[in-house]
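In the working numbering, the protein residues as written are 358 to 748.
In what follows, a single structure is set out as structure tokens and then discussed.
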Ligand SMILES: *Cc1c(COP(=O)(O)O)cnc(C)c1O
């Protein structure tokens with residue numbers, strides 16, 4: 358069968374589910390309620406504080422502070438924990454750049470640590486090498502929707518700030534992401550599993566930390582203080598009531614959506630393995646719910662006639678299956694170098710050439726569509742092996 362790339366018929370010509378999904382009647386009603394009610398900001402309306410309480414409750418971390426986005430949420434959590442100039446925070450090298458830039462925003466130094474080959478999650482052994490007397494916190498990233506190895510990281514006795522931007526609905530040893538560290542940040546940016554276009558939340562189980570988070574996100578005010586009383590420096594990082602209106606109804610939908618992705622992941626894990634040369638990365642041991650925000654798939658070039666990952670992505674796209682190349686290792690981001698220094702993170706760097714991503718909307722497609730992913734991969738493997746890369 359000729360590859361679509363070479364003029365053959367594509368495996369799939371229909372599209373993929375949209376993300377975000379179409380707005381629900383409840384979202385429309387709440388949005389109009391805010392619009393017509395005239396209380397658009399969180400200092401006058403109640404939707405943001407109600408959503409913060411509901412979301413925090415849903416992850417078993419009783420306090421939540423909604424913010425403008427996830428990056429700022431990480432910054433806020435770090436500052437509330439007292440992280441600032443002269444301090445270091447250990448961040449994994451395989452993550453979205455914001456995990457590290459939020460540390461820079463807080464005035465501290467991100468120290469990159471490598472990830473484990475099996476899961477691409479922060480490797481406690483690499484953290485051990487990265488920790489110094491200046492280390493003030495560790496930022497485990499719940500990559501792709503699987504919680505990091507929190508017990509392995511807790512061993513360092515440092516505050517843990519969960520970057521849960523990808524982990525809405527995930528759990529580890531039965532405990533939800535968000536309740537596994539000192540504070541956790543979720544993102545509601547367009548691509549995330551719950552979204553208002555932009556937005557974020559910081560949750561914590563610690564009432565004193567919550568007071569600091571609240572104050573810092575609300576121009577240094579105190580919970581029981583006056584409007585023009587600012588006992589400390591804080592910023593306006595507040596979410597709008599519009600965002601809370603769009604987000605609130607999604608809480609009830611999340612479980613079903615994660616379930617759909619879990620099923621798709623189980624199917625693909627098995628079927629891609631059968632194709633050969635492709636394997637869906639599992640979460641770290643102890644993952645009890647992988648929310649599959651991303652399906653990260655290891656691409657074994659040798660099993661595909663030596664053809665590069667870029668060639669595979671291009672061939673899959675032509676067959677109608679859009680894959681993503683994923684992150685570059687943060688150790689290779691020139692912009693971070695003045696802050697993070699020169700670090701080598703061989704596992705994260707190798708992942709650049711050896712993993713591809715399925716975005717969450719692909720994992721929410723129906724069975725026929727999932728079967729198309731497998732057929733396209735099998736077709737490409739056959740063709741690549743029949744015309745191997747000449748080296
Ligand atoms: C999306 C994301 C962020 C940043 O969230 P924003 O809301 O886009 O600022 C941080 N860390 C990770 C791992 C993310 O995926």
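Built from N, CA and C at the ideal position, the CB exists for glycine as well.
Given the structure is predicted, the values throughout are model-derived calculations rather than measurements.
Are residue i and residue j closer than 8 Å when you measure CB to CB?
{"i": "residue 496", "j": "residue 456", "result": "yes"}
{"i": "residue 573", "j": "residue 539", "result": "no"}
{"i": "residue 512", "j": "residue 440", "result": "no"}
{"i": "residue 713", "j": "residue 654", "result": "yes"}
{"i": "residue 596", "j": "residue 424", "result": "yes"}
{"i": "residue 650", "j": "residue 465", "result": "no"}
{"i": "residue 734", "j": "residue 576", "result": "no"}
{"i": "residue 422", "j": "residue 409", "result": "yes"}
{"i": "residue 629", "j": "residue 638", "result": "no"}
{"i": "residue 720", "j": "residue 623", "result": "no"}
{"i": "residue 697", "j": "residue 467", "result": "yes"}
{"i": "residue 451", "j": "residue 684", "result": "yes"}
{"i": "residue 433", "j": "residue 570", "result": "yes"}
{"i": "residue 741", "j": "residue 664", "result": "yes"}
{"i": "residue 671", "j": "residue 362", "result": "yes"}
{"i": "residue 591", "j": "residue 369", "result": "no"}
{"i": "residue 373", "j": "residue 726", "result": "yes"}
{"i": "residue 415", "j": "residue 608", "result": "yes"}
Among the options, which has the Cα closest to the Cα of residue i?
{"i": "residue 377", "options": "681, 635, 735, 614", "result": "614"}
{"i": "residue 620", "options": "685, 717, 393, 382", "result": "717"}
{"i": "residue 643", "options": "559, 567, 723, 529", "result": "529"}
{"i": "residue 634", "options": "729, 648, 576, 738", "result": "738"}
{"i": "residue 744", "options": "662, 594, 684, 472", "result": "662"}
{"i": "residue 469", "options": "379, 689, 735", "result": "689"}
{"i": "residue 652", "options": "414, 560, 413, 680", "result": "680"}
{"i": "residue 702", "options": "478, 577, 668", "result": "478"}
{"i": "residue 551", "options": "597, 412, 647, 481", "result": "412"}
{"i": "residue 480", "options": "448, 683, 363", "result": "448"}
{"i": "residue 472", "options": "645, 521, 641, 381", "result": "641"}
{"i": "residue 666", "options": "682, 678, 558", "result": "682"}
{"i": "residue 387", "options": "599, 648, 700, 379", "result": "599"}
{"i": "residue 503", "options": "562, 646, 375", "result": "646"}
{"i": "residue 601", "options": "515, 374, 407", "result": "407"}
{"i": "residue 532", "options": "417, 403, 400, 585", "result": "417"}
{"i": "residue 492", "options": "442, 692, 741, 617", "result": "442"}
{"i": "residue 562", "options": "420, 361, 394", "result": "420"}
{"i": "residue 474", "options": "709, 740, 730", "result": "709"}
{"i": "residue 625", "options": "723, 514, 385", "result": "723"}
{"i": "residue 746", "options": "583, 669, 537", "result": "669"}
{"i": "residue 444", "options": "490, 399, 405, 476", "result": "490"}
Quick one: grab the DSSP three-state call for residue i.
{"i": "residue 743", "result": "helix"}
{"i": "residue 450", "result": "coil"}
{"i": "residue 549", "result": "coil"}
{"i": "residue 492", "result": "strand"}
{"i": "residue 728", "result": "helix"}
{"i": "residue 737", "result": "helix"}
{"i": "residue 425", "result": "coil"}
{"i": "residue 467", "result": "strand"}
{"i": "residue 624", "result": "helix"}
{"i": "residue 686", "result": "coil"}
{"i": "residue 487", "result": "helix"}
{"i": "residue 461", "result": "helix"}
{"i": "residue 558", "result": "strand"}
{"i": "residue 536", "result": "coil"}
{"i": "residue 714", "result": "strand"}
{"i": "residue 696", "result": "helix"}
{"i": "residue 502", "result": "helix"}
{"i": "residue 482", "result": "helix"}
{"i": "residue 520", "result": "strand"}
{"i": "residue 359", "result": "coil"}
{"i": "residue 586", "result": "coil"}
{"i": "residue 651", "result": "strand"}
On the premise that residue j lies in contact with residue i, defined as a C-beta separation below 8 Å, what is that separation, rounded to the nearest angstrom?
{"i": "residue 542", "j": "residue 568", "result": "The pair is not a contact, with the Cβ atoms about 17 Å apart (cut-off 8 Å)."}
{"i": "residue 556", "j": "residue 426", "result": "6 Å"}
{"i": "residue 594", "j": "residue 429", "result": "5 Å"}
{"i": "residue 728", "j": "residue 367", "result": "With a Cβ gap of about 14 Å, residue 728 and residue 367 do not count as contacting."}
{"i": "residue 358", "j": "residue 364", "result": "So it is not a contact: roughly 12 Å between Cβ atoms."}
{"i": "residue 459", "j": "residue 431", "result": "3 Å"}
{"i": "residue 524", "j": "residue 648", "result": "6 Å"}
{"i": "residue 687", "j": "residue 454", "result": "7 Å"}
{"i": "residue 526", "j": "residue 610", "result": "Wrong, their Cβ atoms sit about 10 Å apart, outside the cutoff."}
{"i": "residue 606", "j": "residue 381", "result": "6 Å"}
So that I know if they touch, is there some Cβ in chain B lying closer than 8 Å to that of residue i?
{"i": "residue 592", "result": "No chain B is present in this structure, which holds just one protein chain."}
Can you tell me whether residue i sits near ligand 2, meaning its C-beta is under 7 Å from at least one heavy atom of the ligand?
{"i": "residue 639", "result": "This structure does not include ligand 2; its bound ligands are ligand 1."}
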